[in-house]
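Chemist: Just so you know, we're using the working numbering here: the sequence shown kicks off at 7 and counts up by one.
Heads up, the beta-carbon is just placed ideally off N, CA and C, and yes, glycines get one too.
My structure is below; once you've seen it, I'll send some questions.
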Amino acid sequence: MSLFLPCIKAVGPADARIAFVGEAPGETEEMIGIPFVGKAGQEFTALLQESGIERSRCYLTNVLWTRPPNNKMESFCVSKKDLPSSYSLPPLSLGKYLHPDLLPELDRLKSELDELRPNLCVALGNTALWALTGSAAIGSSRGTVSSSTLIPGLKVLPTYHPAAVLRNWAWRVVVLQDLAKAKLEMEFPEIRRTERRIKINSGLEETLLWLLDAQRSPILSCDIETEKRQITSIAFATTPSNILVIPFWNKEKPDWSHWNEVEECIVWDEIFHLLSSHPRVLFQNGIYDCQYLWDMLIPIPGFLEDTMILHHSMYPELPKSLAFLGSIYTNDVAWKRMRARHGSQETKREE
């Protein structure tokens with residue numbers, strides 16, 4: 007018999023389009039018997055109101071219906087050596103695994119959300135994100151819609167827990183941005199991504215034709231990637247769906263060069279003509295990019311705007327990295343997490 011006894015139950019309409027999953031009840035929740043009624047719950051209600059989401063139309067639950075001692079989730083965790091051989095879940099935090107006696111709570115959560123089938127489930131904090139997706143990286147996952155591993159097909163949007171907001175007030179405006187996205191995403195059940203037609207590893211002729219055609223575009227976006235103080239690739243976009251990535255490094259080749267010497271000179275010459283003549287060029291942290299391009303003797307007289315500076319001018323209290331901008335302005339995945347990183351790699355600072 008488990009010693010972990012539930013002290014709350016979920017609340018919300020049976021036809022709710024949006025569900026919020028928190029971690030576990032606190033002292034006030036334990037006394038009253040429903041989620042999000044303590045100090046963090048009051049902040050949660052305020053966040054919903056400011057985001058234009060009616061609390062009464064939301065389904066509210068927690069991963070655990072049992073209050074951890076002193077509100078510390080560590081009390082409900084064990085080390086790997088204390089786990090049975092049949093335990094297959096990833097750690098909830100570094101070296102900490104949810105107590106095996108609490109695993110039925112995940113089954114209850116699955117049945118709960120399976121029956122409800124909301125259009126969107128908002129994971130509030132690491133524990134909820136872990137339960138719904140198997141990941142506990144809330145900092146790098148928040149703001150990005152993904153599919154649940156607990157309930158395949160269920161759309162999940164992670165953000166910080168309101169209790170974390172009370173401890174770190176700077177996160178409040180971030181949560182408001184995520185809830186603004188949640189208000190849009192709760193209207194439909196499927197994950198919608200903007201179509202991106204990205205040309206990668208194009209041949210010389212196709213690359214030159216794309217660059218030539220880009221000279222006629224009304225606006226041009228440019229971004230570079232670097233390693234060891236060298237440009238490893240440069241990307242251009244004329245629309246959100248028309249993108250060209252030009253690699254210069256290829257680590258599978260003995261000399262690491264993607265092009266031979268003649269081809270690379272031809273490509274750089276065409277890049278020179280494009281950037282030195284295009285009247286409207288956008289960058290993200292363009293000062294960083296331009297120092298490398300200037301070293302290549304490429305002027306950019308049409309430098310129009312810098313998305314990092316524009317965003318920071320409007321919201322100086324928010325982070326300004328490209329990853330953060332992507333999380334609040336687009337429906338793309340966090341693309342920086344889609345490729346392997348190496349400790350020796352020097353990469354562009356985006357803030």
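Would LEU215 be called buried (16 or more neighbouring beta carbons within 10 Å of its own) or exposed?
Modeler: exposed
Chemist: I need the straight-line Cα distance from CYS64 to THR232, nearest angstrom please.
Modeler: 45 Å
Chemist: Classify GLN297 as buried or exposed, calling it buried when 16 or more other Cβ atoms lie within 10 Å of its own Cβ.
Modeler: Around the beta-carbon of GLN297, fewer than 16 other beta-carbon atoms lie within 10 Å, marking it exposed.
Chemist: Per DSSP, what kind of secondary structure is GLN236 in: helix, strand or coil?
Modeler: strand
Chemist: With ILE272 as the anchor, note down where its alpha helix (DSSP H) starts and where it stops.
Modeler: 267-283
Chemist: With a floor of 3 residues, list each beta strand (DSSP E) that falls wholly inside the region 284-320, ordered by position along the chain.
Modeler: 287-289 and 309-312
Chemist: Start and end of the alpha helix (DSSP H) containing ALA329?
Modeler: 328-335
Chemist: Taking a contact to mean a Cβ-Cβ separation below 8 Å, would you say ILE59 touches LYS189 in this structure?
Modeler: yes
Chemist: Could you tell me the alpha carbon to alpha carbon distance between LYS87 and LEU100, rounded to whole angstroms?
Modeler: Going from the Cα of LYS87 to the Cα of LEU100 covers about 14 Å.
Chemist: Quick check on this structure: which residue in VAL251, THR244 and SER227 has the alpha carbon closest to the alpha carbon of THR238?
Modeler: VAL251
Chemist: Could you give the distance in angstroms between the alpha-carbon of GLN236 and the alpha-carbon of THR200?
Modeler: 31 Å
Chemist: THR244 CB to nearest chain C CB: under 8 Å?
Modeler: Among the protein chains of the structure shown there is no chain C, as only one such chain exists.
Chemist: Any idea what DSSP makes of SER223, helix, strand or coil?
Modeler: If DSSP states are grouped into helix, strand and coil, SER223 belongs with coil.
Chemist: Excluding the 5 residues flanking GLY349 on each side, which residues of the same chain have their C-beta closer than 7 Å to its C-beta?
Modeler: Low per-residue confidence applies at GLY349: pLDDT is 44, beneath 50, and the placement is therefore not dependable, though the value from the model is reported in the following sentence. Correct list: empty, nothing qualifies.
Chemist: By the DSSP assignment, the beta strand (DSSP E) with ALA25 in it spans what residues?
Modeler: Looking at the DSSP string, the run of the beta strand (DSSP E) that includes ALA25 is 24-28.
Chemist: Classify ILE206 as helix, strand or coil using the three-state DSSP reduction.
Modeler: It is a strand residue.
Chemist: Using three-state DSSP, classify PRO110 as helix, strand or coil.
Modeler: helix
Chemist: Taking C-alpha atoms, which residue in CYS83, ASP120, PRO90 and ARG202 lies nearest to HIS105?
Modeler: CYS83
Chemist: Out of SER282, LEU310, PRO322 and GLY292, which one is the CA nearest neighbour of LEU303?
Modeler: Distance check between LEU303 and each of SER282, LEU310, PRO322 and GLY292 places SER282 closest, using alpha-carbon atoms only.
Chemist: If distances are taken between C-alpha atoms only, which option among GLU56, LEU172 and ILE40 comes closest to PRO12?
Modeler: Taking the Cα of PRO12 as reference, the smallest distance to any Cα among GLU56, LEU172 and ILE40 is reached at ILE40.
Chemist: State the Cα-Cα distance for the pair TRP265 and GLU311, rounded to the nearest angstrom.
Modeler: 31 Å
Chemist: Verify whether the separation of the beta carbon atoms of VAL180 and CYS228 is less than 8 Å.
Modeler: no
Chemist: Inspect the beta-carbon positions of PRO253 and ASN207 and report whether they are closer than 8 Å.
Modeler: Inclusion of PRO253 and ASN207 in the CB contact set at 8 Å is warranted, their separation being smaller than that value.
Chemist: Let's test the definition: count the other Cβ atoms within 10 Å of the Cβ of CYS127 and tell me whether it reaches 16, buried, or not, exposed.
Modeler: buried
Chemist: Measure the alpha-carbon distance for GLY209 versus ILE144 and round it to whole angstroms.
Modeler: Cα to Cα, the separation comes out at about 39 Å.
Chemist: On the DSSP bridge list, what partners appear for ILE197?
Modeler: According to DSSP, which records beta bridges pairwise, ILE197 is partnered with nothing at all.
Chemist: With contact counted as at least three CB pairs below 8 Å, one residue from each stretch, are the region 115-132 and the region 65-73 in contact?
Modeler: yes
Chemist: Unbroken beta strand (DSSP E) runs of length 3 or more, entirely within the region 100-150: which are they?
Modeler: 126-130
Chemist: With distance defined between alpha-carbon atoms, name the residue in SER247, GLU80, LEU130 and LEU108 nearest to GLU29.
Modeler: LEU130
Chemist: Check whether the region 254-262 and the region 315-334 touch, using three or more Cβ-Cβ pairs below 8 Å as the test.
Modeler: no
Chemist: Distance check for TRP300 and SER154, CA to CA, integer angstroms please.
Modeler: 46 Å
Chemist: Any idea what DSSP makes of VAL69, helix, strand or coil?
Modeler: coil
Chemist: Report back the beta-carbon spacing between MET192 and ILE24 to the nearest angstrom; my notes put them in contact at under 8 Å.
Modeler: 4 Å
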